[in-house]
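What follows is one structure encoded as structure tokens, with my remarks underneath.
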Amino acid sequence: MTTSVKPSGAKKPADPLAKLRAKVQTLRRQVPTLADDAVWRPFLALHAGGIDSTRAMSEPQLKAVVRALHDAGAPKRPGRAGGKRQRYADSPQYSKARVLWIALADAGKVRDRSDAALAAFVARQTRQDIGRLTPERWAMVIEALKDWAARADVHMEVAP
């Protein structure tokens, strides 16, 4: 007697359009006029060639619906800067703070030497975004970094 055994690790193939469908639903919730199903289905049919279900749509149709949702008022989020280093501020004070930050990282006193970590440090020190600091606030941040370096016995050359 033979019995058939299903493989234990068998999974359904991943739906390649699941993320796009989820994006459509998320954007739909951000447009108050499309909350009612009686308005939503005709909206889909209008922008997807007569199809009123995201499940039955192809990728180009889903992308057309996303564009239409943005046109209807759903906010657009800027894409990530794929691998590009974001500069928070271009000022002499920022450069000085960054030199101190990197020196502390090289000495092992800072775990994360990134600009984002420096921005987080600045936010903790000043309760302000790094791009909005006044020269007086920058001076406070730089002095805090210098004091930290002195306590940690980190030596570096920094112009006044």
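For the sequence shown, the positions run 12 to 171 when my numbering is used.
Think of the CB as a built atom: it goes at the ideal place given N, C-alpha and C, for glycine as much as any other residue.
Looking only at C-alpha atoms, which of the options sits nearest to residue i?
| i | options | result |
| --- | --- | --- |
| residue 133 | 161, 156, 40 | 156 |
| residue 77 | 62, 61, 55 | 55 |
| residue 136 | 153, 124, 120 | 153 |
| residue 146 | 106, 114, 36, 47 | 106 |
| residue 115 | 53, 140, 50, 165 | 165 |
| residue 73 | 38, 102, 46, 44 | 38 |
| residue 70 | 144, 28, 130, 129 | 28 |
| residue 85 | 46, 103, 102 | 46 |
| residue 103 | 161, 144, 67 | 144 |
| residue 33 | 139, 160, 66 | 66 |
| residue 31 | 40, 57, 68 | 68 |
Hey, would you say residue i sits closer than 8 Å to residue j, going by beta carbons?
| i | j | result |
| --- | --- | --- |
| residue 108 | residue 149 | yes |
| residue 83 | residue 110 | no |
| residue 49 | residue 59 | no |
| residue 35 | residue 80 | yes |
| residue 113 | residue 124 | yes |
| residue 163 | residue 128 | no |
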